[in-house]
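Numbering (my numbering), first residue to last: 21 to 608.
Cβ coordinates follow ideal geometry from the N, Cα and C atoms, glycine included.
First the structure, in the form of structure tokens, and then the observations on it.
Put into structure tokens, the structure is as follows:
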């Protein structure tokens with residue numbers, strides 16, 4: 021087999037594994053890189069070149085700056101603004117989307133989304149509004165805002181570096197702004213006027229006393245020796261537990277969850293996996309003599325407070341199992357239950373790896389304990405219940421942070437220093453004013469950084485092997501005589517499709533060399549084609565897996581997988597209609 025055949029096959033497997041989603045995307049890309057090194061496609065000396073690539077370093081620095089702005093109180097300022105204003109639902113929807121887009125322009129859009137999510141939930145709780153109406157537009161606005169500057173989203177940073185490879189000059193800080201602002205402004209207008217009506221809003225049947233309506237937590241309960249359930253059939257237990265409770269099965273000797281007949285009689289010591297509301301689990305335990313399985317509840321106290329927390333995109337728990345949580349926080353936190361959209365577990369909860377968007381029901385001695393708060397923060401978990409809006413810790417630090425950040429942007433915008441140097445100086449300045457502390461490296465979303473670093477050599481192999489050129493030649497031949505606008509449209513739509521099923525940064529790495537070579541083969545300038553890839557890679561609106569912002573709102577918004585395309589597909593059509601003429605106007 022030729023190198024091109026091997027590389028193409030490896031990339032197909034890579035995309036299949038990313039779509040499958042069972043393994044972490046950083047692990048998948050590392051396996052792909054290792055395979056290409058072993059097969060001789062990527063030279064061993066170049067295997068780790070991606071970790072020093074300017075795009076990867078810039079992404080890491082942007083994540084640190086985003087955290088610094090959060091700690092300085094930038095987002096708390098927005099929260100305090102909301103608390104003082106009296107707004108209607110539509111007014112609040114427009115305001116939260118505009119603020120999300122503005123924040124995403126100057127900090128990582130995933131970070132902006134994670135910061136605004138609890139504020140939005142708190143306002144919804146205060147005003148008795150259904151959060152489903154606001155969270156998907158909020159996520160989409162965060163993604164749209166990321167298109168405005170080079171640092172708004174990883175694909176922009178990657179495309180800027182590819183432009184330097186092909187033209188000798190990188191995209192500047194605000195080179196994305198004309199196209200990005202047109203797309204984000206008109207996209208937000210579309211959502212505000214028409215799009216919000218397309219969002220699937222699931223009305224709660226009871227009072228809105230919770231921020232999210234999670235009725236299907238998974239619990240493992242052990243049948244005590246004195247349990248009233250001993251000798252009863254599962255069908256009888258279900259009647260006692262109530263119609264909202266679902267018995268999923270019993271844990272067998274191997275630790276797997278096996279489905280059993282409802283006629284099965286219960287014995288002491290057996291472990292049942294049930295799906296029920298956190299509000300009902302206590303009464304079920306008392307009525308039937310069950311207790312939360314010992315392997316999960318490491319705080320053996322009868323009176324525990326409960327907290328609902330979400331696994332965010334930067335959480336240390338992603339890809340880890342309960343043992344990791346127990347090792348880090350067993351004295352303060354106990355896992356009582358787990359919520360996951362469409363969950364169908366075949367193993368015990370303790371053996372299930374955590375994913376972005378999971379909602380954990382934790383038992384704690386007291387919610388106000390400072391140690392509990394620090395553990396939650398350290399693990400990268402987002403409290404969803406009873407979250408109070410933060411106050412600005414220090415106006416002086418906020419002012420200094422904004423000055424340093426503005427200076428970094430100015431140095432980059434006017435080409436005084438390279439973006440990596442400018443942002444490194446900004447991070448150092450943040451450390452000097454104690455906005456960032458000794459836990460610096462915990463603020464970097466390492467899976468994203470590792471995935472990017474692994475994909476850079478793969479992207480280079482696409483060019484050195486000739487695959488990018490061959491694909492470009494094929495497209496150029498089959499579309500011979502086609503005008504440039506139609507070629508750009510094709511690149512944009514293909515990139516959008518790939519980005520909806522594969523990580524957006526990986527999409528940019530794969531599509532950028534193909535688009536650039538297509539432009540060269542057709543005799544057109546490279547810039548509009550690379551800009552089309554940048555826009556397309558950022559437009560992942562059709563599914564919750566296309567972008568982490570979409571994943572973050574899935575649980576609190578009570579959305580299902582198929583809800584995203586209802587708003588996402590019309591929005592992508594609007595973006596295509598806006599971006600093509602803007603790209604042609606600005607870059608040709």
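Let me confirm a value: residue i is counted as buried when at least 16 other C-beta atoms fall within 10 Å, else exposed. Which label applies?
i: residue 58; result: exposed
i: residue 87; result: buried
i: residue 555; result: buried
i: residue 461; result: exposed
i: residue 39; result: exposed
i: residue 72; result: exposed
i: residue 593; result: exposed
i: residue 195; result: buried
i: residue 125; result: buried
i: residue 287; result: exposed
i: residue 360; result: buried
i: residue 160; result: buried
i: residue 183; result: buried
i: residue 227; result: Residue placement at residue 227 is flagged as unreliable, the pLDDT there being 36, under the threshold of 50; the coordinate-derived value follows with that caveat. It counts as exposed.
i: residue 605; result: exposed
i: residue 376; result: buried
i: residue 519; result: buried
i: residue 255; result: exposed
i: residue 332; result: buried
i: residue 132; result: buried
i: residue 434; result: exposed
In the DSSP assignment, find the beta strand (DSSP E) that holds residue i and state where it starts and stops.
i: residue 296; result: 291-296
i: residue 242; result: 237-243
i: residue 154; result: From DSSP, residue 154 is part of no beta strand (DSSP E) but of the alpha helix (DSSP H) over 152-165.
i: residue 268; result: 266-271
i: residue 312; result: 310-312
Shortest alpha-carbon distance to residue i belongs to which of the options?
i: residue 84; options: 193, 348 and 425; result: 425
i: residue 349; options: 562, 509, 382 and 460; result: 382
i: residue 500; options: 373, 539, 113 and 372; result: 539
i: residue 563; options: 584, 556 and 575; result: 584
i: residue 272; options: 255, 198 and 240; result: 240
i: residue 561; options: 587, 245 and 280; result: 587
i: residue 113; options: 579, 310 and 217; result: 217
i: residue 91; options: 399, 173 and 418; result: 418
i: residue 259; options: 531, 237 and 283; result: 283
i: residue 278; options: 292, 286 and 212; result: 292
i: residue 524; options: 27, 301 and 179; result: 179
i: residue 451; options: 30, 530, 81 and 46; result: 81
i: residue 492; options: 474, 479, 511 and 476; result: 511
i: residue 527; options: 369, 355, 475 and 202; result: 475
i: residue 107; options: 148, 129 and 595; result: 148
i: residue 595; options: 60, 170, 191 and 203; result: 203
i: residue 199; options: 280, 215, 219 and 166; result: 166
i: residue 442; options: 490, 193, 397 and 65; result: 193
i: residue 189; options: 438, 37 and 142; result: 438
i: residue 403; options: 558, 575, 590 and 276; result: 575
i: residue 547; options: 567, 602, 569 and 304; result: 602
i: residue 266; options: 238, 246 and 290; result: 238
i: residue 128; options: 138, 176 and 139; result: 176
i: residue 173; options: 79, 201 and 465; result: 79
Between residue i and residue j, which are expected to be in contact by the criterion C-beta below 8 Å, what is the C-beta distance as a whole number of angstroms?
i: residue 325; j: residue 243; result: That belief does not hold up - the Cβ atoms of residue 325 and residue 243 are roughly 26 Å apart, past 8 Å.
i: residue 544; j: residue 504; result: 5 Å
i: residue 296; j: residue 264; result: 6 Å
i: residue 598; j: residue 206; result: 5 Å
i: residue 120; j: residue 152; result: That pair is no contact at about 17 Å.
i: residue 481; j: residue 62; result: 5 Å
i: residue 573; j: residue 155; result: 4 Å
i: residue 55; j: residue 25; result: With 8 Å as the limit, residue 55 and residue 25 do not qualify as a contact, their Cβ atoms being about 14 Å apart.
i: residue 447; j: residue 456; result: 7 Å
DSSP beta-bridge partners for residue i?
i: residue 382; result: 327 and 355
i: residue 338; result: 374
i: residue 253; result: 285
Can you name the start and end residues of the alpha helix (DSSP H) that residue i belongs to?
i: residue 401; result: Looking at the DSSP string, residue 401 is not in any alpha helix (DSSP H); the run it does join, the beta strand (DSSP E), is 401-403.
i: residue 570; result: 568-574
i: residue 29; result: 23-40
i: residue 124; result: 109-126
i: residue 599; result: 584-607
i: residue 418; result: 415-433
i: residue 50; result: 45-58
i: residue 132; result: 129-147
i: residue 446; result: 439-452
i: residue 398; result: 390-398
i: residue 504; result: 504-521
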